[in-house]
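Encoded as structure tokens, the structure appears first; notes follow it.
There are 2 protein chains.
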Amino acid sequence: MAARAGIVVTGTEVLTGRVRDRNGPWLSDRLLELGVELAHITICGDRPEDMTAQLAFMREQGVDLVITSGGLGPTADDLTIEMVAEFSGRQLSLDEDLEERIADILRPLMKRFRHLDFDAVRAANRKQALVPEGAHVIYPAGTAPGLVVPGKPTIVVLPGPPRELHAMWPEAVETEAFQEAIGGRTSYEQQTLRLFGMPESEIAETLRVAEAEVEGFDELEITTCLRRAEVEVVTRWEPAAQPAWDAVRALIAERHERSLFSTDGSSVDDQVAELLAGRWVAVAESCTGGLMAARLTERPGSSAHVAGGVVGYSNEAKASLLGVGPALIERHGAVSLEVAEVMADGALARFEADTAVAITGVAGPGGGTEAKPVGYVCWAAKLADGSKLVRDARLPGDRAEVRDRSTTVGMHLLRRVLRGEDFEI
Amino acid sequence: MAARAGIVVTGTEVLTGRVRDRNGPWLSDRLLELGVELAHITICGDRPEDMTAQLAFMREQGVDLVITSGGLGPTADDLTIEMVAEFSGRQLSLDEDLEERIADILRPLMKRFRHLDFDAVRAANRKQALVPEGAHVIYPAGTAPGLVVPGKPTIVVLPGPPRELHAMWPEAVETEAFQEAIGGRTSYEQQTLRLFGMPESEIAETLRVAEAEVEGFDELEITTCLRRAEVEVVTRWEPAAQPAWDAVRALIAERHERSLFSTDGSSVDDQVAELLAGRWVAVAESCTGGLMAARLTERPGSSAHVAGGVVGYSNEAKASLLGVGPALIERHGAVSLEVAEVMADGALARFEADTAVAITGVAGPGGGTEAKPVGYVCWAAKLADGSKLVRDARLPGDRAEVRDRSTTVGMHLLRRVLRGEDFEI
Numbered sequence: 528m529a530a531r532a533g534i535v536v537t538g539t540e541v542l543t544g545r546v547r548d549r550n551g552p553w554l555s556d557r558l559l560e561l562g563v564e565l566a567h568i569t570i571c572g573d574r575p576e577d578m579t580a581q582l583a584f585m586r587e588q589g590v591d592l593v594i595t596s597g598g599l600g601p602t603a604d605d606l607t608i609e610m611v612a613e614f615s616g617r618q619l620s621l622d623e624d625l626e627e628r629i630a631d632i633l634r635p636l637m638k639r640f641r642h643l644d645f646d647a648v649r650a651a652n653r654k655q656a657l658v659p660e661g662a663h664v665i666y667p668a669g670t671a672p673g674l675v676v677p678g679k680p681t682i683v684v685l686p687g688p689p690r691e692l693h694a695m696w697p698e699a700v701e702t703e704a705f706q707e708a709i710g711g712r713t714s715y716e717q718q719t720l721r722l723f724g725m726p727e728s729e730i731a732e733t734l735r736v737a738e739a740e741v742e743g744f745d746e747l748e749i750t751t752c753l754r755r756a757e758v759e760v761v762t763r764w765e766p767a768a769q770p771a772w773d774a775v776r777a778l779i780a781e782r783h784e785r786s787l788f789s790t791d792g793s794s795v796d797d798q799v800a801e802l803l804a805g806r807w808v809a810v811a812e813s814c815t816g817g818l819m820a821a822r823l824t825e826r827p828g829s830s831a832h833v834a835g836g837v838v839g840y841s842n843e844a845k846a847s848l849l850g851v852g853p854a855l856i857e858r859h860g861a862v863s864l865e866v867a868e869v870m871a872d873g874a875l876a877r878f879e880a881d882t883a884v885a886i887t888g889v890a891g892p893g894g895g896t897e898a899k900p901v902g903y904v905c906w907a908a909k910l911a912d913g914s915k916l917v918r919d920a921r922l923p924g925d926r927a928e929v930r931d932r933s934t935t936v937g938m939h940l941l942r943r944v945l946r947g948e949d950f951e952i
Numbered sequence: 528m529a530a531r532a533g534i535v536v537t538g539t540e541v542l543t544g545r546v547r548d549r550n551g552p553w554l555s556d557r558l559l560e561l562g563v564e565l566a567h568i569t570i571c572g573d574r575p576e577d578m579t580a581q582l583a584f585m586r587e588q589g590v591d592l593v594i595t596s597g598g599l600g601p602t603a604d605d606l607t608i609e610m611v612a613e614f615s616g617r618q619l620s621l622d623e624d625l626e627e628r629i630a631d632i633l634r635p636l637m638k639r640f641r642h643l644d645f646d647a648v649r650a651a652n653r654k655q656a657l658v659p660e661g662a663h664v665i666y667p668a669g670t671a672p673g674l675v676v677p678g679k680p681t682i683v684v685l686p687g688p689p690r691e692l693h694a695m696w697p698e699a700v701e702t703e704a705f706q707e708a709i710g711g712r713t714s715y716e717q718q719t720l721r722l723f724g725m726p727e728s729e730i731a732e733t734l735r736v737a738e739a740e741v742e743g744f745d746e747l748e749i750t751t752c753l754r755r756a757e758v759e760v761v762t763r764w765e766p767a768a769q770p771a772w773d774a775v776r777a778l779i780a781e782r783h784e785r786s787l788f789s790t791d792g793s794s795v796d797d798q799v800a801e802l803l804a805g806r807w808v809a810v811a812e813s814c815t816g817g818l819m820a821a822r823l824t825e826r827p828g829s830s831a832h833v834a835g836g837v838v839g840y841s842n843e844a845k846a847s848l849l850g851v852g853p854a855l856i857e858r859h860g861a862v863s864l865e866v867a868e869v870m871a872d873g874a875l876a877r878f879e880a881d882t883a884v885a886i887t888g889v890a891g892p893g894g895g896t897e898a899k900p901v902g903y904v905c906w907a908a909k910l911a912d913g914s915k916l917v918r919d920a921r922l923p924g925d926r927a928e929v930r931d932r933s934t935t936v937g938m939h940l941l942r943r944v945l946r947g948e949d950f951e952i
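Protein sequence lines correspond, in order, to chains A and B.
Quick note: the first sequence uses the numbering used here, first residue 528, plus one each step.
Quick note: the second sequence uses the numbering used here, first residue 528, plus one each step.
Structural data, given as structure tokens:
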């Protein structure tokens with residue numbers, strides 16, 4: 528049986544949603560790689576009794592490993608170490624080496640800000656050097672140290688800031704207590720399929736067919752979800768169930784040939800980045816307001832193939848920067864296939880690019896008409912050799928969702944025009 | 528004593544982080560408005576025993592209300608209704624009216640997709656019409672119905688898609704079972720302060736001073752956090768503790784006069800949108816790749832004051848679209864105060880705008896030098912009347928964080944130049 532783990536995220540700011548937890552998702556990927564099954568994530572505020580209750584819940588559920596994130600800061604509401612010490616029945620004592628190390632880290636940081644009393648800051652951080660007896664200390668990547676506290680469950684205490692948590696994770700994994708806790712692990716396989724241009728209910732129907740036809744279907748742990756306008760199918764299986772998954776995957780590939788665009792874990796962003804190698808792309812966008820260009824420049828190294836973009840939010844800007852004449856807008860409207868195509872032409876010309884994508888639409892909540900309601904969006908993807916895909920669709924969702932999904936469709940049009948495909952979307 | 532609530536988020540895709548939970552944060556705001564204290568959020572996958580364990584945990588913790596989100600879809604891994612029925616000891620039966628309603632909803636949706644077998648889809652959705660005895664049914668906003676199941680705790684079952692959950696929430700709140708569950712509520716006050724341009728440890732120091740000086744400090748529930756390069760201080764208190772909070776707030780205002788920019792809950796985005804009324808703003812950006820323009824166009828109605836933007840990702844684009852001459856880049860580098868200012872001038876001219884903000888920086892992970900390391904960013908905010916703020920800083924974080932924080936600094940520079948302020952940032 529695989530080792531099981533739980534994640535306890537602390538902090539009133541996370542519980543109340545003012546800050547989004549990015550550690551749970553990251554940790555769950557790391558656990559999967561280690562063959563450890565994640566059973567529960569729990570989030571509590573800064574109330575000590577709620578954190579203790581969650582730790583007790585994890586113990587009752589019999590998890591082998593608990594990872595906590597957050598609550599290691601200098602402020603009085605940061606209580607994790609104290610709670611974990613109490614929960615595991617261990618005394619706290621001051622680790623003087625650690626205290627000195629934290630002071631060394633703080634000194635240069637303080638130079639960035641004026642009017643700070645160094646001693647006051649150091650006093651505030653002294654509590655971060657308190658360590659439960661017998662715990663393995665992980666030296667800070669920021670200013671907060673981490674801990675691995677042996678026991679059943681073994682508790683790994685990490686800071687909230689993702690960069691610090693990431694930097695400290697490898698050392699935590701290498702500790703004896705961690706390795707002992709996950710000792711009984713099984714290895715799992717996992718594969719992600721991604722599909723675009725179909726509703727989630729169609730994949731549900733395909734899985735029902737698979738359930739009836741494929742022997743060993745029950746051995747597969749399959750989850751499906753809609754994500755940024757794509758359908759994602761993630762399957763985990765133990766090695767013995769490989770033939771069952773091969774059969775199910777073949778069935779999906781057969782029934783959804785045109786929609787299935789990724790079987791190797793790659794996102795459409797990965798694929799477009801690869802297709803753009805050696806090319807020069809420019810963006811012309813209106814309703815997405817910069818999000819399409821931002822998406823194309825999200826990854827390191829994108830400056831090798833992204834020339835830039837124009838956000839032509841006003842009609843004047845569409846005219847002066849993209850060459851969309853007022854007469855064209857007058858005739859077809861700013862949100863039209865015709866304008867999208869001229870925007871793409873404008874981007875190609877302005878940036879001397881060989882690839883362009885253009886988006887114009889009604890993001891809402893206002894501005895919709897009967898003919899062009901909120902969510903109606905037009906796209907054009909064009910290459911310098913004249914090949915092109917020009918499409919429209921009505922996207923569901925609120926303003927933010929329409930804007931985000933518009934960039935996903937833009938990515939898929941780029942992908943298809945660069946691959947020379949011409950499917951409907 | 529205030530009623531306490533818990534939120535149970537289900538779905539392997541959320542547990543494993545492939546989909547981000549947006550319902551927890553939204554629900555916690557709604558609970559706060561109702562004076563209900565949120566004690567725990569728990570996340571589980573699609574394994575029935577894990578969900579049952581979390582429901583039992585909530586009951587053991589004595590919460591009055593549990594809200595579940597997700598697991599109501601047509602696929603076999605959607606098990607919430609079944610689990611809740613079992614947990615509350617209620618039989619499931621088919622609600623035929625509800626079944627018909629779901630069929631009516633599906634019919635037009637199906638027109639958007641070809642090659643679909645309507646009866647198969649309807650069969651897949653029949654399980655969504657199974658209802659536990661005695662539960663209040665909330666008719667679907669999408670295709671999944673919600674439930675309010677009376678008991679201790681009362682369980683509110685809502686679908687995962689945020690829009691559907693939002694639409695169904697008011698009806699859930701109005702049910703007798705919900706109102707009974709939160710009967711013992713106390714009213715809380717809450718205020719959010721936002722500060723910019725100081726480290727979190729400084730606010731910690733101020734709160735320590737407050738703790739020593741202000742009577743009744745212990746009655747305040749104060750949380751602080753760093754969020755998108757700002758420090759946020761959120762305080763909750765019962766009416767009797769008002770004087771204590773007034774004193775603490777005055778102390779913060781006194782010690783951090785220049786940093787405190789919001790006491791009324793407004794974000795810098797709100798304030799900039801207000802300051803831009805009647806104006807015409809344009810963006811010139813490089814390392815942020817469109818995110819600054821996207822942020823300015825995030826809210827409805829922004830077309831009234833946003834002209835557009837240029838993403839001058841390549842030096843050629845900076846030259847041809849923003850008038851940044853190659854000689855200037857040669858002399859100072861593409862990431863320099865001088866280039867930032869000329870980019871702002873270019874945006875003013877190109878878009879015939881009266882307000883402009885420009886950003887150029889090293890987002891990383893590559894491209895850093897000793898003089899201009901990763902995270903080094905230059906900004907210029909300029910008005911048509913010649914007033915301007917030109918600044919640089921080295922921002923912490925990875926590529927995504929540097930890009931995001933750069934837009935926050937851009938917003939604050941716009942705010943200050945529009946208010947005629949000239950603080951250091």
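Ideal Cβ placement from N, Cα and C applies to all residues, glycine included.
Interface residue (Cβ-Cβ distance to chain B less than 8 Å): residue 551 of chain A is classified as such. Within the DSSP bridge table, the entry for residue 919 of chain A names A:905 as partners.
A check of alpha carbon separations from residue 547 of chain A across A:597, A:584, A:893 identifies A:597 as the nearest. Per DSSP, residue 886 of chain A is not a residue of any alpha helix (DSSP H); the beta strand (DSSP E) it occupies stretches across 882-888. Residue 620 of chain A and residue 942 of chain A have their C-alpha atoms roughly 58 Å apart. Contact between residue 883 of chain A and residue 871 of chain A holds, with the beta-carbon distance rounding to 4 Å and staying under 8 Å. Interface with chain A (8 Å Cβ-Cβ cutoff): residue 783 of chain B is excluded.
Looking at the DSSP output, residue 716 of chain B sits in a beta bridge with B:764. Shortest Cα-Cα distance from residue 718 of chain B to any of B:668, B:664, B:765, B:792 involves B:792. DSSP places residue 733 of chain B within a helical segment (H, G or I) once states are collapsed to three.
Under the three-state reduction of DSSP, residue 562 of chain A is assigned to coil, being neither helix nor strand.
Residue 873 of chain B sits in a helix when the DSSP states are folded into three classes. For the pair residue 835 of chain B and residue 838 of chain A, the CB atoms are nearer than the 8 Å cut-off. B:812 is the residue among B:812, B:944, B:825 whose C-alpha sits nearest the C-alpha of residue 890 of chain B. Cβ neighbours of residue 747 of chain A within its own chain (closer than 7 Å, five residues either side excluded): 762, 764, 768, 771, 772, 775. The stretch 818-827 of chain A and the stretch 813-828 of chain B touch, with three or more beta-carbon pairs separated by less than 8 Å. The beta-carbon of residue 614 of chain B is placed no less than 8 Å from the nearest beta-carbon of chain A. Listed by position along chain B, the residues whose Cβ is nearer than 8 Å to that of residue 939 of chain A form an empty set, because the closest Cβ is around 16 Å away. Within the DSSP secondary-structure output, residue 596 of chain B pairs in a beta bridge with B:536, B:685. By the criterion of at least three beta-carbon pairs nearer than 8 Å, the stretch 539-546 of chain A is in contact with the stretch 551-562 of chain B.
Only those residues of the stretch 836-862 of chain B whose C-beta falls short of 9 Å from the nearest C-beta of chain A are listed: 836, 837, 838, 839, 840, 841, 843, 844, 845, 847, 848. Per the coordinates, the alpha-carbon of residue 601 of chain B lies some 9 Å from the alpha-carbon of residue 650 of chain B. At a beta-carbon threshold of 7 Å, the residues of chain A lying near residue 584 of chain B are 584, ordered along the chain. With a threshold of 8 Å between beta carbons, residue 761 of chain B makes contact with chain A. Taken in chain order, the members of the stretch 557-572 of chain B whose beta-carbon sits within less than 8 Å of a beta-carbon on chain A are 559, 565, 566, 567, 568, 569, 570, 571, 572. Counting every other CB atom within 10 Å of its CB across the protein chains shown gives residue 809 of chain B a total of 16 or more, marking it as buried.
Within chain A, no residue has its beta carbon less than 7 Å from that of residue 902 of chain B; the closest one is some 12 Å off. The C-alpha of residue 614 of chain B lies about 8 Å from the C-alpha of residue 583 of chain B. Measuring C-alpha to C-alpha distances from residue 866 of chain B to each of B:910, B:608, B:695, B:917 identifies B:917 as the nearest. In the displayed model, residue 663 of chain B falls within a strand according to three-state DSSP. In chain order, 817 make up the part of chain A whose C-beta sits under 8 Å from the C-beta of residue 819 of chain B. Counting only unbroken stretches of 4 or more residues, the alpha helix (DSSP H) elements lying wholly within the stretch 829-857 of chain B are 842-849, in sequence order. The criterion of a C-beta distance shorter than 8 Å is not satisfied by residue 606 of chain A and residue 671 of chain A.
Beta-bridge pairing by DSSP links residue 567 of chain A to A:533, B:571.
Put simply, of A:940, A:778, A:907 the residue whose alpha carbon is nearest the alpha carbon of residue 760 of chain A is A:778. Among the bridge pairs identified by DSSP, residue 723 of chain B is matched with B:757.
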